[in-house]
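Undergrad:
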């Protein structure tokens, strides 16, 4: 008989424990579990419980940021800063929001404050690397990304950005190795396989690039036109007109002007080369922050 009461007693004990927790801790646990509405309700209670709790405002700002509520997030971050200007993670969160919205000057100040307060936190360097990359300071981005990786070798996003930057600096082999390692740690990095494919293409490793472009075409609807174009160009360099034109035609169907030109002046002719081949603007990786 007593055994049958154990589940009830355990559930009751858990309920009492949860009720006894500080509302901020409940909110943080819910946020970490991805339960944003529950986290928001709990953090509101935390702020009512203690209107001077800087952590609660910072957490509510993070929740607003995840919901893309920019003004609300900034208001909470600013309030948290007023209450506790020594929290490095606050500046990391606020810099992330500002970078994602193109507020690069104010984001830089946040990154530098985060690094000053917590020089061993890799996220401060990673955020600044993203900012520098978006501002076309590729060498600076490389240095900061690699500093982040040195602090945390498992930081896949920083490792990926270091690889992208090295690729743009024509350090192809280093960049390829870093991107490969990053994808091994985090296969879901947005645009990661495409970046590797482009770097293989630029290294004239056409057969390997074809494999990666094919992977992109099978999994990434955001890069279809470029993937068809570059895979077609790989086949073109390998003297396979049939496969090249199949890809150029697929790219042309997506309204790509270079591919339309090639289809008309090469694929629909008996020529063995593309006359006045378009010089395609170098594809720059877009860092999704």
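Numbering (our numbering), first residue to last: 1342 to 1630. Beta carbons are placed, not taken as given, at the ideal position from N, Cα and C, and that holds for glycine. Every value quoted in this text rests on a predicted model; they were computed, and no experiment measured them.
#1: Within 10 angstroms of its Cβ, does residue 1401 collect 16 or more other Cβ (buried), or is it exposed?
#2: Please state whether DSSP places residue 1454 in a helix, a strand or coil.
#3: Going by alpha carbons, who is nearest to residue 1380 out of 1405, 1394, 1390 and 1395?
#4: Starting from residue 1594, follow the alpha helix (DSSP H) in both directions and report where the run begins and ends.
#5: My parser needs the alpha helix (DSSP H) runs of 4 or more residues fully inside the stretch 1391-1441; what are they?
#6: How about residue 1540 and residue 1573: are their beta carbons less than 8 Å apart?
#7: Within 10 angstroms of its Cβ, does residue 1616 collect 16 or more other Cβ (buried), or is it exposed?
#8: Look at the alpha carbon of residue 1399 and the alpha carbon of residue 1478, and state the distance between them as a whole number of angstroms.
#9: Compute the distance between the beta-carbons of residue 1576 and residue 1566, then report whether it is under 8 Å.
#10: Excluding the 5 residues flanking residue 1414 on each side, which residues of the same chain have their C-beta closer than 6 Å to its C-beta?
#11: Run through DSSP, which three-state label would residue 1503 get?
#12: Excluding five sequence neighbours on each side, which residues of the same chain lie with their C-beta closer than 6 Å to the C-beta of residue 1436?
#13: How far does the alpha helix (DSSP H) with residue 1466 in it extend, from its first residue to its last?
#14: I need the boundaries of the alpha helix (DSSP H) containing residue 1556, first residue and last residue.
#15: Please state if the CB of residue 1537 and the CB of residue 1553 are separated by a distance shorter than 8 Å.
#16: Within 10 angstroms of the Cβ of residue 1374, are there 16 or more other Cβ atoms? Answer buried if so, exposed if not.
#17: Using CA atoms only, rank isn't needed, just tell me which of 1612, 1367, 1601 and 1609 is closest to residue 1621.
#18: Would you mind reading off the limits of the alpha helix (DSSP H) that contains residue 1533?
#19: So, using beta-carbon positions, are residue 1499 and residue 1525 closer together than 8 Å?
#20: Below 6 Å CB to CB, which residues in the same chain sit around residue 1488 once its five sequence neighbours on both sides are set aside?
#21: Which residue marks the beginning of the alpha helix (DSSP H) containing residue 1578, and which one marks its end?
#22: Along the chain, where does the alpha helix (DSSP H) that runs through residue 1515 open and close?
#23: Take residue 1388 and list the residues in its own chain whose beta-carbon comes closer than 8 Å to its own, dropping the five residues that flank it on each side.
#24: Helix, strand or coil: which one does DSSP assign to residue 1478?
#25: Please report the straight-line C-alpha distance between residue 1619 and residue 1609, rounded to a whole angstrom.
#26: DSSP three-state label for residue 1364, please.
#27: With residue 1485 and residue 1473 assumed to form a contact (beta carbons below 8 Å), what rounded beta-carbon distance in angstroms separates them?
#28: Take residue 1426 and list the residues in its own chain whose beta-carbon comes closer than 7 Å to its own, dropping the five residues that flank it on each side.
TA: With the given structure in hand:
#1: Buried is the call here.
#2: helix
#3: 1405 is the residue among 1405, 1394, 1390 and 1395 whose C-alpha sits nearest the C-alpha of residue 1380.
#4: 1582-1594
#5: 1395-1407, 1411-1424 and 1429-1441
#6: no
#7: Counting Cβ neighbours within 10 Å, residue 1616 comes out exposed, since fewer than 16 surround it.
#8: 30 Å
#9: no
#10: 1402, 1405, 1406 and 1438
#11: helix
#12: 1448, 1451, 1452 and 1468
#13: 1463-1475
#14: 1547-1560
#15: yes
#16: Classification of residue 1374: exposed, given that the 10 Å Cβ count is below 16.
#17: 1601
#18: 1533-1543
#19: no
#20: Same-chain partners within the cutoff: 1466.
#21: For residue 1578, the enclosing alpha helix (DSSP H) has its first and last residue at 1565-1578.
#22: Note, residue 1515: alpha helix (DSSP H), 1513-1526.
#23: The residues are 1394, 1397, 1398 and 1401.
#24: coil
#25: 16 Å
#26: helix
#27: 6 Å
#28: none
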